[in-house]
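In the numbering used here, the protein residues as written are 783 to 903.
Right, dumping it as structure tokens:
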């Protein structure tokens, strides 16, 4: 059976974006795993899939997708709230405080990419 294993976002502020994701994803145990030659970084944790922040491979400017979003699942609502708080602390913009939009929290990174932290059940 197939499963989602990774997702990526593009950035036009790659050094700032990598610092943001180093801190944010480091707070949930994901570590840098690979840096592709066209620029950026992939993060991974055993059994948790991968996330990447990259220069677009076609050398065109990165842009956010209207309707695109990536999600991170957590074991507890407290972990969701902590992830959201860390993103905001690092300069991300909130799109709903914990409990405001169920079952998760939504925020945008430094480039405007929309992400979610959630706990189902």
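By construction, the Cβ of each residue, glycine as well, lies at the ideal position given by its N, Cα and C atoms.
Limits of the beta strand (DSSP E) - the one that residue i falls within
i: residue 792; result: 788 to 792
i: residue 814; result: 813 to 816
CB-CB length for residue i against residue j, believed under 8 Å
i: residue 826; j: residue 812; result: 6 Å
i: residue 789; j: residue 873; result: Going by Cβ atoms, the distance from residue 789 to residue 873 rounds to 21 Å, so no, they are not a contact pair.
Residues sharing a beta bridge with residue i, DSSP
i: residue 833; result: 789, 825
i: residue 854; result: 899
i: residue 859; result: Answer is none; residue 859 lacks a bridge partner.
Residue nearest to residue i in terms of C-alpha spacing, selected from the options
i: residue 828; options: 876, 840, 810; result: 810
i: residue 901; options: 877, 860, 878, 879; result: 860
i: residue 844; options: 869, 835, 794; result: 794
i: residue 817; options: 805, 833, 898, 894; result: 833
For residue i, the first and last residue of its enclosing alpha helix (DSSP H)
i: residue 805; result: 796 to 808
contact_flag[the stretch 885 to 893, the stretch 857 to 873] where n(CB pairs < 8 Å) is 3 or more | Taking 8 Å as the limit for Cβ pairs, the verdict is that the stretch 857 to 873 does touch the stretch 885 to 893.
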